[in-house]
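Report on one structure; see the data block that follows.
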Amino acid sequence: MFSRSAPYILLLSFLYGSTLVISRFSVGQYDPRVYISLRLSLAAVAYAVVYWTSTWGGRPKRLWPRDRSVLLHAAILGIIGTAIPMTSIVSSLQYQSTGVTSMLLTLNPAITVVLAQIFLADEPMTWRKTAGVIVALVGAAFLLLQGETGLADFAQADWRGYAWAGVGILGSAAASVYARRFMRTMDTWDVASVRMIAAAATIVPVTYFTVGFDLSRVNAVGYAALLYAALVGTFLGMWLSFYVVKRFGATPASQTSYIIPVISTTLGALVLGEVVTPIMLLGMVIIFTGIALLNSKPRAALRAHSRDAVTPQAGD
Numbered sequence: 005m006f007s008r009s010a011p012y013i014l015l016l017s018f019l020y021g022s023t024l025v026i027s028r029f030s031v032g033q034y035d036p037r038v039y040i041s042l043r044l045s046l047a048a049v050a051y052a053v054v055y056w057t058s059t060w061g062g063r064p065k066r067l068w069p070r071d072r073s074v075l076l077h078a079a080i081l082g083i084i085g086t087a088i089p090m091t092s093i094v095s096s097l098q099y100q101s102t103g104v105t106s107m108l109l110t111l112n113p114a115i116t117v118v119l120a121q122i123f124l125a126d127e128p129m130t131w132r133k134t135a136g137v138i139v140a141l142v143g144a145a146f147l148l149l150q151g152e153t154g155l156a157d158f159a160q161a162d163w164r165g166y167a168w169a170g171v172g173i174l175g176s177a178a179a180s181v182y183a184r185r186f187m188r189t190m191d192t193w194d195v196a197s198v199r200m201i202a203a204a205a206t207i208v209p210v211t212y213f214t215v216g217f218d219l220s221r222v223n224a225v226g227y228a229a230l231l232y233a234a235l236v237g238t239f240l241g242m243w244l245s246f247y248v249v250k251r252f253g254a255t256p257a258s259q260t261s262y263i264i265p266v267i268s269t270t271l272g273a274l275v276l277g278e279v280v281t282p283i284m285l286l287g288m289v290i291i292f293t294g295i296a297l298l299n300s301k302p303r304a305a306l307r308a309h310s311r312d313a314v315t316p317q318a319g320d
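Structure below.
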């Protein structure tokens, strides 16, 4: 299974990791709110085009969702799980490198587990999960206390970078729990489409009334970066993520969490001249150890899973 899914996982990780680097470059030309507004708007248009062209070439028609429950929950997901996290994460890139931000984003599963324990009755907190959460948070605290930014121009970490990343992680984790509680049976493509449009519809007016759409600093490279982030990193990346989950399952798709920081840190150093320090690497190891412990299963559970995989069940 892994050998078949590996090319897709690596490609998906590259799309997300490179988009984070592109976003770090873009904050030098765009206000984060302007950048996210335009990025989400372009991605929303791409989703609309998919519905519009769904009958071309004799393909079955994909209808825009009309179920009020889908529209309501997907719109809420767009606000808490897309508009807020994306704006927060890009805002954090004003104060720290893509490497540091991507390492912090790896905490998402840990925060999701904590929120699931509170809001989902079927998510018991085992000792492995508890230990994993603690170790992962220790890794993040280690980076902050050491003042790590990953930038040569910043000698000491600015707490706002870590705070913005924290808001993004919290929003993304809350969205995961919300989706599991209310949206398990909904069509993923319909949810993603409504989610993206709702996110754009939320952040665009906020941007207009707070900072406006000043593009005077944006050059041709900046516009190209925006198109890449919107169409490749957001639209194509989400589509590929759905494909991986549908074909290979959620577990292989989750492995991108370990690969994205490596890609973004490497590209950030090569393309943007960001710094990779021993402290960053040690922090990454601590966080990864916590997440690995969080995702690990007891041997008995693994043996049971193995038996279930080869033993026909009643009704099969």
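Per this note's numbering, residue 5 is the first one in the sequence shown, and the count goes up by one each step.
Cβ coordinates follow ideal geometry from the N, Cα and C atoms, glycine included.
Bear in mind the structure is a predicted one, so any value in this text is a computation, not a measurement.
From what residue to what residue does the alpha helix (DSSP H) around residue i run?
i, result
"I84", "Where I84 is concerned, there is no enclosing alpha helix (DSSP H), given that its DSSP letter is neither H nor E."
"Q121", "N112 to F123"
"V280", "Here V280 belongs to no alpha helix (DSSP H), and DSSP marks it neither H nor E."
"S197", "T192 to T214"
"P69", "Per DSSP, P69 belongs to no alpha helix (DSSP H) and is neither H nor E."
"R251", "G241 to F252"
"W168", "W163 to F186"
"Y39", "P36 to W56"
"Y227", "A224 to L231"
"T189", "That residue, T189, is in no alpha helix (DSSP H); it is neither H nor E in DSSP."
"F146", "W131 to L149"
"V275", "T260 to L276"
"G237", "From DSSP, G237 is part of no alpha helix (DSSP H); its letter is neither H nor E."
Name the residue from the options whose alpha carbon lies nearest to the alpha carbon of residue i.
i, options, result
"G287", "I173, M90, P128 and F146", "F146"
"A204", "F252, R28, I88 and P113", "I88"
"A196", "A178, Q150 and F246", "F246"
"S73", "L271, Y20, R188 and V236", "R188"
"Y262", "P69, T211, M107 and A52", "M107"
"A47", "I264, F239, V208 and G294", "F239"
"Y12", "T293, W243, D194 and D126", "W243"
"Y99", "L298, S58, W163 and V280", "W163"
"V94", "T116, W168, S9 and T293", "W168"
"I83", "Q33, Y51, A161 and M200", "M200"
"G21", "I122, V248, G165 and L271", "L271"
"G294", "M90, G143, A120 and W60", "G143"
"Y212", "F18, N112 and L42", "L42"
"L297", "Y227, V139 and L148", "V139"
"N112", "S258, D126 and M284", "S258"
"S220", "A10, T192, Y34 and R8", "Y34"
"G165", "V225, V53 and L148", "L148"
"A233", "G170, M90, K65 and D194", "M90"
Return the Cβ separation of residue i and residue j in integer angstroms, given the expectation that the two are a contact with Cβ distance under 8 Å.
i, j, result
"G16", "T260", "Here residue 16 turns out to be Leu, not Gly, going by the sequence shown. Between T260 and L16 the Cβ distance is about 5 Å, and since that is below 8 Å, they are a contact."
"S268", "G103", "6 Å"
"S3", "L230", "Outside the displayed range of the chain (5 to 320) lies residue 3, so it cannot be described from this structure."
"L109", "I173", "6 Å"
"S96", "T105", "5 Å"
"A177", "I115", "4 Å"
"G321", "L44", "An answer regarding residue 321 cannot be provided, because it is not within the stretch 5 to 320 covered by the chain."
Could you check if residue i belongs to the surroundings of the ligand MN, using beta carbon to heavy atom distance under 7 Å?
i, result
"A203", "As far as ligands go, the structure on display features none, and thus does not contain the ligand MN."
Checklist entry - Are three or more beta carbon pairs between the region 34–47 and the region 212–220 nearer than 8 Å? => result Between the region 34–47 and the region 212–220, the count of C-beta pairs closer than 8 Å reaches three or more; the two stretches touch.
Checklist entry - Does the region 72–81 come within contact of the region 153–171, defined as at least 3 CB pairs closer than 8 Å? => result Short answer: they don't touch.
Checklist entry - At a cut of 8 Å, does the region 174–187 reach the region 128–141 through at least three beta carbon pairs? => result Verdict: no, contact absent.
Checklist entry - Is there contact between the region 270–286 and the region 18–26, where contact requires at least three CB pairs shorter than 8 Å? => result Yes, the region 270–286 is in contact with the region 18–26.
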